[in-house]
Amino acid sequence: MFRYRLEPLLRYRKTLEDERKRGLAEANRRYYEELEKIDHMEHEKSAVMGEVTHMMQTAPDAGMLIFYDSYMKGVKTDIKYESEQAEQALQIVDMERQKLIEAVKKKKIIEAHREREWERYDAEESRKERIGADEMALMRFSRGYNPGA
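To get our numbering, take the position in the sequence shown, counting from 1, and add 955.
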């Protein structure tokens, strides 16, 4: 029966890979949340610009224009901040991706070693079976056993 002596290490590497996958998924989720925030703010900005354009065509009010201008500056600042947050989130995604790649490589090394060990074991078992069969044939021949006669 084949027993791989590094099986605990392989299980650990698989667990580590799973943790890295979860970390990457979480980082991706955060990144896409940031992108959604930016998208929402851009839509809000466009809607306000439409209101300002409509107001300019109908009855321009200086007080409202100042209010909208101030509001738009705030929205632009918020968009800039969220863009920076999204960039940081993307860097974290890349970092988590690299960690996952490294964990997968380490696991594959152990899996390749396990496969080589299995092939050695299988070859040794086959060799033992051939030797056993050859010995049986030799014993039958030496006793004069001839099943075809």
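For every residue, glycine included, the Cβ atom is placed at its ideal position computed from N, Cα and C.
Fair warning: this is a prediction, and the values are worked out from it, not measured in the lab.
| query | result |
| --- | --- |
| Under 7 Å between the Cβ atoms of residue 1030 and residue 986? | no |
| Please state whether DSSP places residue 1058 in a helix, a strand or coil. | helix |
| Considering Cα atoms alone, identify which of 1092, 1073, 1093, 982 is closest to residue 1055. | 982 |
| Among 1010, 1067, 1041, which residue has its Cα nearest to the Cα of residue 989? | 1041 |
| Alpha carbon to alpha carbon, how far is residue 1063 from residue 1082? | 28 Å |
| Tell me, to the nearest whole angstrom, how far the beta carbon of residue 971 is from that of residue 1051; I am working on the premise that it is less than 8 Å. | The pair is not a contact, with the Cβ atoms about 13 Å apart (cut-off 8 Å). |
| When DSSP labels each residue in this structure, what does residue 1033 get in the three-state scheme? | helix |
| If the criterion is Cβ atoms closer than 7 Å, does the pair residue 1072 and residue 959 meet it? | yes |
| Roughly how many angstroms separate the alpha carbons of residue 968 and residue 957, rounded to a whole number? | 20 Å |
| May I ask you to verify whether the region 988-1007 touches the region 1086-1097, counting CB pairs closer than 8 Å and requiring at least 3? | no |
| Rounded to whole angstroms, how far is the Cβ of residue 1003 from the Cβ of residue 1026, which I believe are closer than 8 Å? | 7 Å |
| May I have the straight-line CA-CA distance separating residue 1017 from residue 1010, to the nearest angstrom? | 11 Å |
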